[in-house]
Structures are given as structure tokens and as C-alpha cells.
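Comments concern the structure below.
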Amino acid sequence: SQQGEEDPQALSIQEGENATMNCSYKTSINNLQWYRQNSGRGLVHLILIRSNEREKHSGRLRVTLDTSKKSSSLLITASRAADTASYFCATEDSTLTFGKGTMLLVSP
Amino acid sequence: NAGVTQTPKFRVLKTGQSMTLLCAQDMNHEYMYWYRQDPGMGLRLIHYSVGEGTTAKGEVPDGYNVSRLKKQNFLLGLESAAPSQTSVYFCASSTGTSWNEQFFGPGTRLTVL
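Chains Z and L supply the protein sequences, listed in that same order.
Under my numbering, the first sequence has 1 at position 1, and the numbering climbs by one with no breaks.
So the mapping is simple: my numbering equals the position in the second sequence, first residue as 1, plus 108.
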């Protein structure tokens, strides 16, 4: 199975700014998912984008998928301190494989 | 609904001891998973189950055994714990294949001395 790789590893921004995280992977996928993990907690599903989709929105989240470049991006608009967490992409082949995550710090 | 629950939340073992981690879900999900999370490593799949009475190996199965005797429960066993198994263990469940949204438990922090 393959592993998505998030970039950057860490990101620090101010409240109100936008945060962009990227995920790259190596082989063809059926779908790609993004999860959030608050410190000391389990992961929470944010959004799933299928291989035939290019963009998806959910509230302040916008996810894009470029299968030709084998990459996805997660944009959080108008960030809040409560968005401080680690964000993981997960790619699906026979099972779901998680990347190592991006740690996002949003300062008030 | 409680969702996915894990027991215990914390545990300290000595090398060679055994223990069982319990995962329970009340969402009637068919699929259940056990992951471990180590610093800088992301989540790695240990074992998973596609239904009651079935189990399958994931990416890092060595040193672990699992059982799914009831649909709502998925047990992870360590027969002879090693320091390399110090980690945070997460259980998850989903309605169907892994390409559905997975619901995670709060985790079990295990330290092996």
C-alpha cells in the first residue's frame, strides 16, 4: 500500500488567515480522505474526495484533487484557534493508508 | 450513541507481560480496524476485520493478535509485550470498505518498560 505525504510538516498562522496543506501520493487511488486530530484525541473525518472529483467544499474547508499530479490540497479559510490540530491525508487502495500529518497552529 | 470506545485509556506493562485492548462500537459497522500511532510515523494499520468472525493482517501485524467474536467488539492482544510496542493504539470502524469514512476511538496509550 502507498502512503500520502503531507507538506508542510508544520504550519503556524494567525487567526483569520487561510491555511493550506498539501498531500502527495505515488500510485493511482480510488479516493482520498482528510482527517483532523486534536492533541491527545482520536482522528475525526473531515472530507472524502473521489478520484473523479476535482474539488469539494465543506463549510470553511476546500479540498482539491489533481490525479495527474497525484496530489491533493486542503484549504482552511478564515482559520480559528480551534483549528489548531494535526491534519492527515489518507489514500485508499485495498486499505486506508495515512500520511504523517501536518501540525497546524493557529494563534489568536 | 457512544460511537467507538476503547478500554483501557492508559496502561503500563513490563516486557513479556500480556494484555488485551478492547474496542466497542454501537453503530452496527461491519468493518473495524486497529492502528498504532508513533511520533513522526502517522497511523499504521495493525489488523482489521471485514465482519464478525473475520480478521486480516495490516501493515504491521507482528506481535499482535486480534479477534472479532461479536460484530460490535474488536479485541487486540499482545501476548508478550516488547518496548517497541510502546505506542498509542486507535480503534476505528466504518460501514463498508475502507473507502468509507472511518470513525475513531479516543485511543489507548500503552507503555512497555
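Virtual Cβ for every residue (Gly too), placed ideally from N, Cα, C.
Bear in mind that the values here come from a model prediction, so they are computed numbers and not experimental data.
#1: By a C-beta neighbour count over all protein chains shown, 10 Å radius and 16 as the cutoff for buried, is residue 115(L) buried or exposed?
#2: Measuring straight from C-alpha to C-alpha, what distance separates residue 1(Z) and residue 177(L)?
#3: When the cut-off is 7 Å and only beta carbons count, does residue 209(L) lie next to chain Z?
#4: Does any C-beta atom of chain Z lie closer than 7 Å to the C-beta of residue 110(L)?
#5: Please name the residue or residues paired with residue 61(Z) in a DSSP beta bridge.
#6: Considering residue 92(Z), what are the terminal residues of the beta strand (DSSP E) in which it resides?
#7: Which class does residue 107(Z) belong to by DSSP, given the choice of helix, strand or coil?
#8: I'd like to know whether the C-beta of residue 212(L) is nearer than 7 Å to at least one C-beta of chain Z.
#9: Whose Cβ in chain Z lies nearer than 8 Å to the Cβ of residue 149(L)?
So, from the data block:
#1: By the neighbour-count rule (16 or more Cβ atoms within 10 Å), residue 115(L) is not buried but exposed.
#2: The pLDDT assigned to residue 1(Z) is 49, lower than 50, so where the model puts this residue is not dependable; a value taken from the coordinates is nonetheless given after this. Each residue's Cα considered, the two are about 27 Å apart.
#3: Residue 209(L) counts as touching chain Z.
#4: Closer than 7 Å: no.
#5: Paired residues: 58(Z) and 76(Z).
#6: For residue 92(Z), the uninterrupted beta strand (DSSP E) segment begins and ends at 85-92.
#7: Note: residue 107(Z) maps to strand in three-state DSSP.
#8: Answer yes: the Cβ-Cβ gap between residue 212(L) and chain Z drops below 7 Å somewhere.
#9: Those within 8 Å of residue 149(L) in chain Z are 100.
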